[in-house]
Amino acid sequence: MDRSLPDLTHLLPSGGKRSTKRDRILNIFLRQEGHLTADDLSDLVHREDPQIGRATVYRTLQWMVDAGVARKVDFGEGRSRFEPSYRHPRHFHLICTACHRSSEFLSSDVEAFVEEVAAARKFAAAQTVVQIYGTCEECRTGRHAVTIDGTTTERVFARDALRIAIATERSGLEFYTRAAGLTRDRRGRSVFERLAAEEREHLATLEARYQALAESDPELESRPTFLFFKGAASGLFAEGTEKLRKGVDDLQALLIGIKCERGSHKFFKKYGERFEDSEGKQIFLEFADEERTHLDLLIGEYRTRRVRPKHSKRKILR
Numbered sequence: 000m001d002r003s004l005p006d007l008t009h010l011l012p013s014g015g016k017r018s019t020k021r022d023r024i025l026n027i028f029l030r031q032e033g034h035l036t037a038d039d040l041s042d043l044v045h046r047e048d049p050q051i052g053r054a055t056v057y058r059t060l061q062w063m064v065d066a067g068v069a070r071k072v073d074f075g076e077g078r079s080r081f082e083p084s085y086r087h088p089r090h091f092h093l094i095c096t097a098c099h100r101s102s103e104f105l106s107s108d109v110e111a112f113v114e115e116v117a118a119a120r121k122f123a124a125a126q127t128v129v130q131i132y133g134t135c136e137e138c139r140t141g142r143h144a145v146t147i148d149g150t151t152t153e154r155v156f157a158r159d160a161l162r163i164a165i166a167t168e169r170s171g172l173e174f175y176t177r178a179a180g181l182t183r184d185r186r187g188r189s190v191f192e193r194l195a196a197e198e199r200e201h202l203a204t205l206e207a208r209y210q211a212l213a214e215s216d217p218e219l220e221s222r223p224t225f226l227f228f229k230g231a232a233s234g235l236f237a238e239g240t241e242k243l244r245k246g247v248d249d250l251q252a253l254l255i256g257i258k259c260e261r262g263s264h265k266f267f268k269k270y271g272e273r274f275e276d277s278e279g280k281q282i283f284l285e286f287a288d289e290e291r292t293h294l295d296l297l298i299g300e301y302r303t304r305r306v307r308p309k310h311s312k313r314k315i316l317r
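Using numbering that gives the first Met the number 0, the letters of the sequence shown map in sequence onto residues 0 to 317.
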């Protein structure tokens, strides 16, 4: 898989100068996928430039870890491995103690729990490493099991990000369609109809994007889930739709929409900003911008309704 490399000309070791050897090692490392040992990288470098020694490779690896370009992981083999951080989302590992293969995942629930513990202890966490050791399905049963590692993570991440965005868009479309059908105020109804139309358009765009991604990798659909975001799996507007069904007035419908859009914007922005540069990050941040636009529209409409003459009665949604 071809990968564009970042501009790292601004990165220098503390007190150091630019080094042609270091730049070559860096570029060779960033072209790789998966988890490399220091010796693996040294062998790759030696093939391209026999003049670069192992000690130089080892020092450069440590510099890359310190600079945030590489991550150091331990799979219980008695030696460390390294993976690129660039265009590779921060994640956790399931590690088989029998075959030492790893499979990657990311969970908002795990991250939230870690943050909760750190905040309760007033601890400034700089890095989170979660590694779950056990026995993989293939080693237990002999059946071939698909894993997610550095060679597939980026595409699976984009797939799961699109799935979450599509689920949210579908739940938003259902919410605004229902709100438009129940709202009796003409102006409020037009706002909900406009948002429903935008959700429908965005949904079609996301589904086409998902289809194109799936066609680029015939095995993509069969790969395990990478993103575990329980709250977003069924759509972030599902709870709001349930509230509409119970019967609310026009202003309350706007407030529910505001709450849903605010929660959706916060969710996609929060995790999009945490992800490292990748298509999944781009999907989340694009979606956060769309939700911000919808949120501003709803807030503006709510404020307008609040300043209308007091004798204007609110209609009850049935």
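Note that the Cβ used here is the ideal one computed from N, Cα and C, for glycine as well.
Since this is a predicted model, take the numbers as computed values, not measurements.
Whole-angstrom distance between residue j and residue i, CA atom to CA atom
i, j, result
"ARG186", "TYR175", "14 Å"
"LYS312", "LEU250", "Bear in mind that the predicted position of LYS312 carries a pLDDT of just 46, short of 50, making it unreliable; the figure below should be weighed with that in mind. Their backbone Cα atoms lie some 11 Å apart in a straight line."
"PHE74", "PHE81", "11 Å"
"GLY77", "CYS95", "14 Å"
"ARG261", "THR134", "41 Å"
"PHE156", "GLU275", "11 Å"
"VAL64", "ASP39", "16 Å"
"GLY52", "LEU172", "59 Å"
"GLY239", "ILE255", "6 Å"
"CYS259", "ALA178", "13 Å"
"PHE122", "HIS99", "32 Å"
"ILE163", "LEU105", "13 Å"
"GLU289", "ALA203", "15 Å"
"ARG199", "SER41", "52 Å"
"GLU241", "GLY180", "15 Å"
"THR59", "ARG70", "13 Å"
"ARG304", "HIS143", "60 Å"
Boundaries of the beta strand (DSSP E) in which residue i is found, first to last residue
i, result
"ILE131", "130–133"
"ILE94", "91–95"
Span of the alpha helix (DSSP H) around residue i
i, result
"ALA69", "Taken as a continuous stretch (DSSP letters only), ALA69 belongs to no alpha helix (DSSP H), being part of the beta strand (DSSP E) at 69–73."
"ASP159", "152–181"
"ARG142", "ARG142 -> no alpha helix (DSSP H), and no H or E assigned at all."
Simplified DSSP assignment, three categories, for residue i
i, result
"GLU103", "strand"
"ILE51", "coil"
"PHE81", "strand"
"ILE315", "Caution is warranted here: a pLDDT of 40 is assigned to ILE315, below 50, making its placement in the model unreliable, and no coordinate value can be reported."
"LEU29", "helix"
"SER13", "Because SER13 sits at a pLDDT of 49, beneath the cut-off of 50, its placement in the model cannot be relied upon, and the point is left open."
"LEU35", "strand"
"ASP288", "helix"
"ILE298", "helix"
"ARG188", "helix"
"ASP276", "coil"
"CYS98", "coil"
"VAL306", "coil"
"ASP108", "helix"
"ARG261", "helix"
"LYS268", "helix"
"ARG120", "coil"
"ALA66", "helix"
"ASP115", "The residue you asked about is not Asp; residue 115 is Glu in the sequence shown. It is helical."
"SER18", "coil"
"ILE147", "coil"
"GLN126", "coil"
"GLU76", "coil"
Beta carbon of residue i nearer than 8 Å to that of residue j
i, j, result
"ALA213", "LEU219", "yes"
"ASP148", "GLY33", "yes"
"SER107", "PHE228", "yes"
"LEU235", "SER263", "yes"
"HIS92", "SER84", "no"
"VAL44", "VAL56", "yes"
"LEU194", "ILE257", "no"
"ALA231", "THR127", "no"
"VAL113", "ALA124", "yes"
"GLU272", "GLU153", "no"
"PHE267", "ALA287", "yes"
"VAL190", "GLU110", "no"
"TYR209", "LEU284", "no"
"VAL116", "SER221", "no"
"GLU206", "ILE165", "yes"
"ARG23", "ASP48", "yes"
Test: residue i CB closer than 8 Å to a CB of chain D
i, result
"ILE163", "In the structure shown, chain D does not exist; there is a single protein chain."
Any non-hydrogen atom of the ligand GDP closer than 7 Å to residue i Cβ
i, result
"GLU241", "Within the structure as shown, the ligand GDP is missing, as the structure has no ligands at all."
field: Segments assigned beta strand (DSSP E), at least 3 residues, entirely inside the segment 190–255
entry: none
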